[in-house]
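Q: My numbering numbers the first residue of the sequence shown as 203 and each following residue consecutively. Okay, handing you the structure first.
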Amino acid sequence: LDRADVERPFINRSLQSFGVYGKPRPNQVIITFFYQNRNGGNVFEPTVLEAIRDFEQSIMNFPGFDDYCYGFEECFPLDSLIPFLFPDGETIVDDIDSILRGFLGTE
């Protein structure tokens, strides 16, 4: 990303607009996570994104998660950039900046 992309006023483009979400389950709680690079660098570095992917997967693997997730008969993925950056669940895309620019509306 170049400086102009970062300095633009924030555009509210919810990730939810990119998918189809089911009805909330009874007693559903919505939790929002914000990430930072522990080493003070960019959060979009591949090693940091891999750690985020692993963390989010551990949440979905938590016992009872299926009782509170969005979905119909099974849970939808978390509202996260991770499925866009790891389309097969394992390998990160070659051009992270291109994916991010798509969310900013600059592509």
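Each residue gets a CB set at the ideal place from its N, CA and C atoms; glycine is no exception. Here the structure is a predicted model, which means the values were calculated and not measured.
1) If you follow the alpha helix (DSSP H) that Q238 is part of, which residue opens it and which one closes it?
2) Taking its Cβ as the centre, do 16 or more other Cβ atoms sit within 10 Å of R255, making it buried, or is it exposed?
3) Would you call the CB atoms of C271 and F278 closer than 8 angstroms?
4) Cβ of E252 within 8 angstroms of Cβ of L280?
5) Could you have a look at G266 and say whether DSSP puts it in helix, strand or coil?
A: The structure says:
1) Run containing Q238: none; DSSP gives neither H nor E here.
2) Using a 10 angstroms sphere on the CB of R255, the tally of other CB atoms reaches 16 or more, which defines it as buried.
3) Yes, the Cβ-Cβ distance between C271 and F278 is below 8 angstroms.
4) In this structure, L280 does not lie closer than 8 angstroms to E252 by Cβ.
5) Coil.
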